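Asks: Dropping the structure in here first, questions after.
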């Protein structure tokens with residue numbers, strides 16, 4: 005009687021082992037098939053395969069990791085992050101999962117959490133080369149830096165500007181950046197008059213990944229050699245990162261206006277409110293749409309709306325070529341175009357009376373509408389040099405030009421000056437080029453030039469900028485993990 009019982013027990017064990025093997029085989033097959041589909045780029049099929057599988061096998065870390073990667077590639081970052089978090093809670097010992105999650109967070113801008121995950125992975129396994137490389141990149145990106153620049157600008161009013169720009173920045177965390185900036189500027193008005201303006205400011209910028217919120221707060225003081233000698237400036241900017249590579253930004257700013265001869269004798273501070281939608285898409289698609297209002301101390305306002313888009317023709321690791329289109333509309337509540345000489349020795353009826361006009365103390369557009377064709381290109385060398393160029397040429401641009409006329413009456417005989425607005429067609433254009441030259445791992449030189457023609461003036465700008473990053477300390481910090 006004992007022997008049959010042993011046989012029955014043996015048979016039961018054999019069937020149990022076969023059942024266990026049969027239950028495990030689909031696990032290996034499902035994950036392997038998901039990997040194959042993922043490598044083939046069939047991401048929708050991967051999700052369709054792994055969603056129901058994970059519902060019945062929630063402890064399979066490989067399946068969770070592959071599905072999370074897939075959701076990220078499908079531009080569903082929030083879903084990917086939720087799945088990564090759940091998988092991390094179930095598999096805290098999975099180093100590969102930490103590295104994959106950290107890589108996604110780094111690419112989406114959450115450098116603080118990414119750095120922590122890479123550090124945790126290295127503490128668990130010091131041989132993790134990918135984690136060390138990614139952590140070193142974050143430390144390099146967020147290394148402290150100093151920058152010095154010299155600028156020159158000329159326009160045909162005639163106004164010349166010579167300036168310096170000294171900045172220093174430090175990252176309190178990989179996402180919280182603090183910086184200080186000083187900009188001394190000297191302006192030459194014509195041949196004889198000189199004005200100076202110095203602006204100093206402190207800036208704090210941060211990013212909150214969970215809310216997809218960018219913030220920037222800046223405040224500073226400025227010193228003038230004319231008018232009210234001291235003043236203040238400030239800026240508050242908020243940005244919300246949206247799906248499809250879009251970011252909505254809002255900016256409120258108080259800053260000096262320094263673009264006319266008159267504004268360098270009569271101080272002008274503008275208060276700006278602006279809302280912008282930015283596109284920074286994959287494969288070279290770029291665009292922006294902005295609505296802005298600038299309010300001046302005399303209660304006048306200038307409203308601006310513009311939009312542009314660039315589409316890629318060539319986009320690869322060594323170069324880019326993009327074409328696009330832009331449209332701009334501007335208008336002001338009141339014109340500030342006045343006689344250049346308001347006190348003349350001759351009466352308005354005299355042929356020697358001058359009708360020349362100027363904007364005092366700032367430029368005011370009237371029903372300006374401009375459309376332009378855009379082109380941009382970039383060339384990158386294997387040694388790190390990068391040249392960028394862009395051009396914009398107006399294809400249709402009009403405004404209402406202010407002019408002065410003499411109005412005469414015969415009874416009684418009088419002559420007066422009257423400002424009228426005349427439709428005008430003009431052709432704006434802009435050419436810009438920049439060269440970025442890495443002098444070493446820590447030093448970088450940037451040279452920038454721009455030449456532009458607007459309805460108001462023609463201007464040329466040039467700047468040379470030298471940046472140093474404290475990489476030695478960043479590398480030591482990365483190597484400690």
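Numbering (our numbering), first residue to last: 5 to 485. Note that CB positions come from ideal geometry on N, CA and C, so glycine has one too. Because the structure is a prediction, the values reported are computed rather than measured.
Could you say if the stretch 272-286 and the stretch 377-394 meet the contact criterion of at least three C-beta pairs nearer than 8 Å?
Replies: no
Asks: Taking all protein chains shown into account, do 16 or more other C-beta atoms lie within 10 angstroms of the C-beta of residue 191, making it buried, or fewer, making it exposed?
Replies: buried
Asks: How long is the line joining the alpha carbons of residue 349 and residue 410, rounded to whole angstroms?
Replies: 16 Å
Asks: DSSP has residue 291 in a bridge; who is on the other side?
Replies: Paired residue(s): 283 and 313.
Asks: Can you look up residue 37 in the DSSP assignment and give me helix, strand or coil?
Replies: Residue 37: helix per DSSP, three-state reduction.
Asks: Tell me the DSSP secondary structure of residue 400 in three-state form.
Replies: Three-state DSSP puts residue 400 in a strand.
Asks: Is it true that the CB of residue 220 sits closer than 8 Å to the CB of residue 239?
Replies: Yes, Cβ-Cβ distance for residue 239 and residue 220 is below 8 Å.
Asks: Rounded to the nearest angstrom, what separates residue 253 and residue 247 at their Cα positions?
Replies: 14 Å
Asks: Just to confirm the assignment: which complete alpha helix (DSSP H) runs, minimum length 4, are found wholly within the stretch 30-113?
Replies: If one requires a minimum length of 4 residues, the alpha helix (DSSP H) runs lying completely within the stretch 30-113 are 47-60, 65-77, 81-94 and 99-111, in chain order.
Asks: Measuring only the C-alpha atoms, how far is residue 475 from residue 173?
Replies: 13 Å
Asks: Using beta-carbon positions only, say whether residue 132 and residue 103 come within less than 8 Å of one another.
Replies: yes
Asks: Alpha carbon to alpha carbon, what distance is there between residue 277 and residue 266?
Replies: 24 Å
Asks: Are the beta-carbon atoms of residue 151 and residue 171 separated by less than 8 Å?
Replies: yes
Asks: Could you give the distance in angstroms between the alpha-carbon of residue 290 and the alpha-carbon of residue 323?
Replies: 15 Å
Asks: Can you tell me where the alpha helix (DSSP H) holding residue 121 begins and where it ends?
Replies: 115-128
Asks: Please classify residue 26 as buried or exposed, where buried requires at least 16 other C-beta atoms within 10 Å of its C-beta.
Replies: Residue placement at residue 26 is flagged as unreliable, the pLDDT there being 46, under the threshold of 50; a coordinate-derived value is accordingly withheld.
Asks: Whether or not the stretch 297-306 and the stretch 389-409 are in contact is what I'm after, with contact meaning three or more pairs of Cβ atoms, one per stretch, closer than 8 Å; do they touch?
Replies: no
Asks: Tell me the rounded alpha-carbon separation between residue 92 and residue 130.
Replies: 19 Å
Asks: Is it true that the stretch 459-476 meets the stretch 147-161, where meeting means three or more beta-carbon pairs spaced less than 8 Å apart?
Replies: yes
Asks: Please report the distance separating the alpha-carbon of residue 241 from that of residue 108.
Replies: 26 Å
Asks: Tell me which residue opens and which closes the beta strand (DSSP E) that residue 205 is part of.
Replies: 197-212
Asks: Quick one: is residue 336 buried, meaning 16 or more other Cβ sit within 10 Å of its Cβ, or exposed?
Replies: Residue 336 sits buried, since 16 or more C-beta atoms from the chains shown fall within 10 Å of its C-beta.
Asks: How about residue 279 and residue 295: do their beta carbons lie closer than 8 Å?
Replies: yes
Asks: Using DSSP's beta-bridge definition, name the partner residues of residue 182.
Replies: 174 and 208
Asks: Taking just the CA atoms, how far does residue 325 sit from residue 216?
Replies: 30 Å
Asks: State buried or exposed for residue 149, treating a residue as buried only when at least 16 other CB atoms are found within 10 Å of its CB.
Replies: buried
Asks: Between which two residues does the beta strand (DSSP E) carrying residue 256 extend?
Replies: 250-260 is the span of the beta strand (DSSP E), which, as asked, contains residue 256.
Asks: Just grab the DSSP bridge partners of residue 161 for me.
Replies: Note: residue 161 sits in no beta bridge, so no partner.
Asks: Counting C-beta neighbours from all protein chains within 10 Å, is the total for residue 183 16 or more, i.e. buried, or is it exposed?
Replies: buried
Asks: Should residue 264 go down as buried or exposed, given a rule of 16 or more other Cβ atoms within 10 Å for buried?
Replies: buried
Asks: For a test of the three-state rule: what should DSSP assign to residue 349, helix, strand or coil?
Replies: coil
Asks: If you drop the 5 nearest sequence neighbours on each side, which residues of the same chain put their C-beta closer than 7 Å to that of residue 288?
Replies: 316, 319, 324 and 326
Asks: Pick helix, strand or coil for residue 467, following the three-state DSSP scheme.
Replies: Under the three-state reduction of DSSP, residue 467 is assigned to strand.
Asks: Please report how far the alpha carbon of residue 160 lies from the alpha carbon of residue 214, in whole angstroms.
Replies: 49 Å
Asks: Nearest by alpha-carbon distance to residue 198: which of 346, 455, 228 and 204 is it?
Replies: 228
Asks: Name the residue from 438, 461 and 114 whose alpha carbon lies nearest to the alpha carbon of residue 454.
Replies: Nearest to residue 454 by C-alpha distance, out of 438, 461 and 114, is 438.
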